[in-house]
Each structure stands twice: as C-alpha cells, then as structure tokens.
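> Supplied in structure tokens, the structure appears directly below.
Residue numbers (this note's numbering): 824 to 931.
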C-alpha cells in the first residue's frame with residue numbers, strides 16, 4: 824500500500840515543483856539591441872528568457888539587480904533564468920555593447 828502511495832504522489836510533487844516557472848520568453852539581439860527591450864514577467868515567479876543572438880559577435884546579458892550574467896556567442900541561443908522577483912523594474916545591459924544593448928525586466 825505504501826508503494827502504491829509513493830508511485831502516485833511522487834509524480835505530483837515533481838510536477839508541482841516545475842509549475843512555478845513561466846514559459847520561456849523569447850528575446851532577440853540584433854545590431855546590438857534587445858528586442859523586446861522591455862520584458863514583462865509575473866512577480867514572485869521564476870522566469871526563463873531565451874536569448875537569440877543574431878549578431879556576429881558574442882554578447883553578455885548582464886544585470887546587477889537581477890544577479891545574472893550570461894554570455895551568448897554570435898548566432899547562438901542561450902537561456903537566462905530569472906529568480907522570483909518582487910514587483911519592480913530591473914535593468915539589464917549587453918555588457919559588450921552597453922551603449923546600445925539595454926533593456927528592463929518589469930515584474931508585475
């Protein structure tokens with residue numbers, strides 16, 4: 824009986840843990856600019872940004888307030904995991920082209 828209980832409850836626990844993250848948010852980088860430059864996420868939920876770098880050179884997605892850094896080589900895609908955030912605005916930059924590669928994550 825205990826074995827049957829474990830077989831039925833373990834998958835539910837695993838699935839409930841996975842349900843706390845929003846689906847991937849597609850963001851592209853072209854001509855050293857993020858698109859969209861303003862990314863909306865749900866507050867208090869983790870999020871996944873799928874960054875596609877369409878430029879020839881690498882770029883580093885960097886944010887002190889989000890506590891993330893991720894280098895994405897040219898013509899490649901990388902994932903940036905965002906921790907659950909309090910409501911607010913969290914700026915980010917492309918560190919290698921900070922004059923043009925700028926954006927903000929808005930947690931609502």
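Backbone N, C-alpha and C define an ideal beta-carbon position, used for all residues, glycine too.
Enumerate in chain order the residues of its own chain whose CB-to-CB distance from residue 889 is below 8 angstroms, with the five nearest sequence positions on each side excluded.
Numbered from 1 along the chain shown, position 66 holds the residue referred to as residue 889. Cβ within range, chain order: 905, 906, 908, 913, 915 and 928.
> DSSP beta-bridge partners for residue 883?
Sequence index remark: in the chain shown, residue 883 carries index 60 (1-based). Beta-bridge pairing links residue 883 to 894.
> Excluding sequence positions up to five away, which residues of its chain have a Cβ less than 6 angstroms from the Cβ of residue 873?
What you label residue 873 is simply residue 50 of the chain shown in a count that begins at 1. 847, 849 and 902, listed in sequence order.
> For a quick check, are the C-beta atoms of residue 866 and residue 918 less than 8 angstroms apart?
Reading the chain shown from its first residue, position 43 is the one you call residue 866. Reading the chain shown from its first residue, position 95 is the one you call residue 918. No, the pair does not count as a contact, with Cβ atoms beyond the cut-off.
> Is DSSP giving residue 855 helix, strand or coil here?
Numbered from 1 along the chain shown, position 32 holds the residue referred to as residue 855. The answer is coil: DSSP assigns residue 855 none of H, G, I, E or B.
> Would you identify the three-state DSSP class for residue 931, choosing helix, strand or coil?
By one-based count along the chain shown, residue 931 stands at place 108. In the structure shown, residue 931 sits in coil (DSSP, three-state: anything other than H, G, I, E or B).
> Is the beta carbon of residue 855 sitting closer than 8 angstroms to the one on residue 924?
Here residue 855 corresponds to residue number 32 of the chain shown, with the count starting at 1. Here residue 924 corresponds to residue number 101 of the chain shown, with the count starting at 1. Closer than 8 angstroms, so yes.
> Quick one: what's residue 918 bridged to in DSSP?
Position 95 of the chain shown, counted from the first residue, corresponds to residue 918. Paired residues: none, contrary to the question.
> Compare the beta carbon distance of residue 857 and residue 926 with 8 angstroms and say whether it is the shorter of the two.
Walking along the chain shown from the start, residue 857 turns up at place 34. Walking along the chain shown from the start, residue 926 turns up at place 103. Cβ distance < 8 angstroms, so residue 857 and residue 926 count as in contact.
> Which of the three DSSP states, helix, strand or coil, is assigned to residue 847?
Stepping through the chain shown from its first residue, residue 847 is reached at position 24. Reduced to three states, the DSSP call for residue 847 is coil.
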